[in-house]
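Working notes, beginning with the structure itself.
Protein chains in written order, with our numbering: chain A, 377 to 535; chain B, 235 to 530.
As structure tokens, then:
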């Protein structure tokens, strides 16, 4: 830039507006719309909670993730045993409840398999169920609904 | 008497300086203040966010430099990406707003660009919020959300006690019944919850008030012409912030909405700017004092 060229208060050039300077003011809102649309898609395809993901659906539903519950089963010799979720997986448990996508469920199941495997337990698969509890509008009767199910065989191939 | 006059003169000068301050300076300083009031919720980047906000406030020319806002965009964006999908919506909005300040400081008409961003971001936030409440959510308009939320969310316990007359023990019993039911998916079909009629009425009013005021903000801010209801856009936003954040424990979101409101406020409307500033600090008091507990 030559000495004589005009600069704004912030140091930005003051010449004729370029295509970039015309686009720049609209980038943040464009980004916001893209993230919010992605959140909508994930809410419908992967049961992402409306509260999270940048779609501004907070305070619109009771389904904020706390009303969801994961049930974990270990399969051995054709029989299933329900097991507790170890406290070491509390963070992963929360992430899986609010976004039970296949990849998140796979990650969670692998973590369960690793933890129980390290304890010396032998099993052929880990099965996970994602449940959601909602309430009837008038009677407040609770209703539980199974949102998703995921099975991880011990060789790591999902079923 | 002279001391009182001096004090009054000082307050008047401070008020005039604040409401007549150049809008970009005011909006950027309030953003930095909001970053200090409500630091980025990630231990890795929090020291960077606090330091950058402090530098911007102490060395005021830095607040007008795009580099500061570029790094704040990275810090606030890191929190959203690293914590996916658990970051609250206002963490996203904070990142968009820092990005908006960065982009605006690169163009010739900084004030106009920031005003466009403030207007669009507020309009879009409320459009998506209204879309979820009025169309997509299965349990909002029928009142279930607010009824259950007031019964089980600890953050609203003082309000539930105030409007519903519930005792702390009744609220705790309700909460335990519902939380146990969440974990026992084959549990009882009937929960013996204590739900006073006043709480049900309040939940119904809150349901319709919230969706109506949010739709009004969305409509006013995204109104295509700069006349009619667009001119009145500050009214629903100020009303929303003054009422909602009295009970909703998300002060950071309120501060963001207000400083974005200031950024798109016409310079000659000093009274409106003063109201934005007053509510900005009112939210600080809402956050620090539980008025519902004091009244209860």
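Each residue gets a CB set at the ideal place from its N, CA and C atoms; glycine is no exception.
Using 8 Å for Cβ pairs, my map puts residue i next to residue j. What's the rounded Cβ distance?
i                      : j                      : result
residue 284 of chain B : residue 306 of chain B : The pair is not a contact, with the Cβ atoms about 11 Å apart (cut-off 8 Å).
residue 449 of chain B : residue 364 of chain B : 5 Å
residue 408 of chain A : residue 355 of chain B : 6 Å
residue 412 of chain B : residue 447 of chain B : At roughly 28 Å, the Cβ-Cβ gap does not stay under 8 Å, so residue 412 of chain B and residue 447 of chain B are not in contact.
residue 379 of chain B : residue 437 of chain A : 6 Å
residue 268 of chain B : residue 473 of chain B : Not really, about 20 Å apart at Cβ, beyond 8 Å.
residue 275 of chain B : residue 313 of chain B : 6 Å
residue 366 of chain B : residue 454 of chain A : Their Cβ separation, rounded to whole angstroms, is 44 Å, which puts residue 366 of chain B and residue 454 of chain A out of contact at 8 Å.
residue 348 of chain B : residue 261 of chain B : 6 Å
residue 481 of chain B : residue 390 of chain B : 7 Å
residue 404 of chain A : residue 497 of chain B : With 8 Å as the limit, residue 404 of chain A and residue 497 of chain B do not qualify as a contact, their Cβ atoms being about 12 Å apart.
residue 513 of chain A : residue 424 of chain B : Wrong, their Cβ atoms sit about 15 Å apart, outside the cutoff.
residue 434 of chain B : residue 381 of chain B : 6 Å
residue 528 of chain A : residue 501 of chain A : 6 Å
Would residue i pass as a contact of residue j if the rule is Cβ separation under 8 Å?
i                      : j                      : result
residue 468 of chain A : residue 449 of chain A : no
residue 525 of chain B : residue 271 of chain B : no
residue 507 of chain A : residue 519 of chain A : no
residue 446 of chain A : residue 472 of chain A : yes
residue 418 of chain A : residue 475 of chain A : yes
residue 329 of chain B : residue 310 of chain B : yes
residue 430 of chain A : residue 323 of chain B : yes
residue 266 of chain B : residue 297 of chain B : yes
residue 302 of chain B : residue 290 of chain B : yes
residue 509 of chain A : residue 423 of chain A : no
residue 436 of chain B : residue 397 of chain B : yes
residue 254 of chain B : residue 477 of chain B : no
residue 489 of chain A : residue 530 of chain A : yes
residue 499 of chain A : residue 451 of chain A : yes
Across which residues does DSSP place residue i in a beta bridge pair?
i                      : result
residue 435 of chain B : Residue 435 of chain B is not bridged to any residue.
residue 525 of chain A : A/505
residue 511 of chain A : A/518
residue 446 of chain A : A/506
Does DSSP put residue i in a helix, a strand or coil?
i                      : result
residue 461 of chain A : coil
residue 484 of chain B : coil
residue 530 of chain A : coil
residue 496 of chain B : helix
residue 456 of chain B : helix
residue 335 of chain B : helix
residue 484 of chain A : helix
residue 400 of chain B : coil
residue 299 of chain B : coil
residue 359 of chain B : helix
residue 379 of chain A : With a pLDDT of 36 at residue 379 of chain A, under the threshold of 50, the modelled position of this residue cannot be trusted, and the question is left open.
residue 409 of chain A : helix
residue 520 of chain B : helix
residue 456 of chain A : strand
residue 274 of chain B : coil
residue 237 of chain B : helix
residue 341 of chain B : coil
residue 428 of chain B : coil
residue 419 of chain B : coil
residue 216 of chain B : Because chain B spans 235 through 530 in this model, residue 216 of chain B falls outside it and cannot be assessed.
residue 451 of chain A : strand
residue 495 of chain A : coil
residue 293 of chain B : coil
residue 387 of chain A : Reliability fails at residue 387 of chain A, whose pLDDT of 47 lies under 50, so the model's placement of it is uncertain and no value is given.
residue 255 of chain B : coil
residue 434 of chain A : coil
residue 242 of chain B : helix
residue 247 of chain B : helix
residue 510 of chain B : helix
residue 503 of chain B : coil
residue 424 of chain A : coil
residue 321 of chain B : coil
residue 461 of chain B : coil
residue 394 of chain A : coil
residue 439 of chain A : coil
residue 469 of chain B : helix
residue 468 of chain A : helix
residue 479 of chain A : helix
Is any beta-carbon of chain D found at less than 8 Å from that of residue i?
i                      : result
residue 463 of chain A : Protein chains in the displayed structure are A and B, and chain D is not among them.
Taking 7 Å as the cut-off, is the CB of residue i close to at least one heavy atom of the ligand NAD?
i                      : result
residue 463 of chain B : Although the ligand NAD was asked about, the structure shown includes no ligands whatsoever.
ask   = On the three-pair Cβ rule with 8 Å, is the stretch 448 to 459 of chain B touching the stretch 354 to 372 of chain B?
value = Segments in contact, yes.
message = Quick test of the definition: if touching needs 3 or more C-beta pairs under 8 Å, does the stretch 414 to 428 of chain B touch the stretch 369 to 380 of chain B?
response = no
message = Three or more C-beta pairs under 8 Å: does that hold for the stretch 401 to 409 of chain B against the stretch 488 to 503 of chain A?
response = no
query = For the stretch 392 to 408 of chain A against the stretch 312 to 325 of chain B, are there 3 or more C-beta pairs whose distance is under 8 Å?
reply = no
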